[in-house]
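Here the working numbering is used: the first residue of the sequence shown is 22, the next is one more, and so on.
Written below as structure tokens is the structure these notes are about.
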Amino acid sequence: MGSGDGQFFGGPLGVAVDGSGNVFVTDRYNARIQEFTNTGTFLLTFGWGVQDGMAAPETCTSACQAGIAGIGDGQFNSPWGVAVDASGNVFVGDQQNARIQEFTNTGTFLTKWGSFGSGDGQFGSNSPTAVAVDASGDVFVADNGNNRVQKFACP
Numbered sequence: 022m023g024s025g026d027g028q029f030f031g032g033p034l035g036v037a038v039d040g041s042g043n044v045f046v047t048d049r050y051n052a053r054i055q056e057f058t059n060t061g062t063f064l065l066t067f068g069w070g071v072q073d074g075m076a077a078p079e080t081c082t083s084a085c086q087a088g089i090a091g092i093g094d095g096q097f098n099s100p101w102g103v104a105v106d107a108s109g110n111v112f113v114g115d116q117q118n119a120r121i122q123e124f125t126n127t128g129t130f131l132t133k134w135g136s137f138g139s140g141d142g143q144f145g146s147n148s149p150t151a152v153a154v155d156a157s158g159d160v161f162v163a164d165n166g167n168n169r170v171q172k173f174a175c176p
């Protein structure tokens, strides 16, 4: 496993492409999201501590570090699935935190939803995994811990 600028991943799991062709990749064991052009040029990474190791949400464009896993807003604990809506907002399935987090395409945290459980809007063990967004902006999430797919109205 590595932790450099787009040269190494620690368990890449989710991949999504935005309307401009930029590619977003979940970097599971490095607790971050990486963005590239469609030709593979590294653009940025976001997550906690990716710029200077500080315990805060950060965006980094060079000499990036692995993120710091945890439960804070914009912080990941096993980012899994990723999707991008028509506006360019990025939705990440944060598996070990049982939630979806939404960011701008430059990594600014917008909102989150979900918790552990089996009710509406909750996710079971080792969930959520896959994430998709339809043309209306509705978010679909694979909740394998509860053996279902949940639909969330455009946030």
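The beta carbon of each residue, even a glycine, is placed where N, CA and C say it ideally should be.
- Look at the beta carbons and you see the region 85-93 not touching the region 102-112: under three pairs across the two are nearer than 8 Å.
- Residue burial annotation: Cys85 is buried, with at least 16 other C-beta atoms found within 10 angstroms of its C-beta.
- Judged by DSSP in its simplified three-state form, Gly35 adopts strand.
- Ranking Asp141, Gly114, Asn98, Asn126 by CA distance to the CA of Thr80 puts Asn126 first.
- Rounded to the nearest angstrom, the Cβ distance from Ser99 to Arg49 is 5 Å, consistent with a contact under 8 Å.
- Within a 10 Å sphere around the beta-carbon of Ala37 sit 16 or more other beta-carbons, which makes this residue buried.
- Boundaries of the beta strand (DSSP E) around Ala104: 100-105.
- The beta-bridge partner set that DSSP reports for Ile54 consists of Thr47, Phe67.
- Taking the CA atoms as reference points, Ser139 sits about 15 Å from Thr150.
- Put simply, the backbone Cα of Asp39 is about 21 Å away from that of Gly32.
- Here DSSP, grouped into helix, strand and coil, assigns Gly140 to coil.
- Between Phe112 and Ile121 a beta carbon distance of about 6 Å is seen, short of the 8 Å cut, so the two are scored as contacting.
- For Leu34, same chain residues with a beta-carbon under 6 Å away, outside a window of 5 residues either side, are Thr47, Arg49, Trp101 in chain order.
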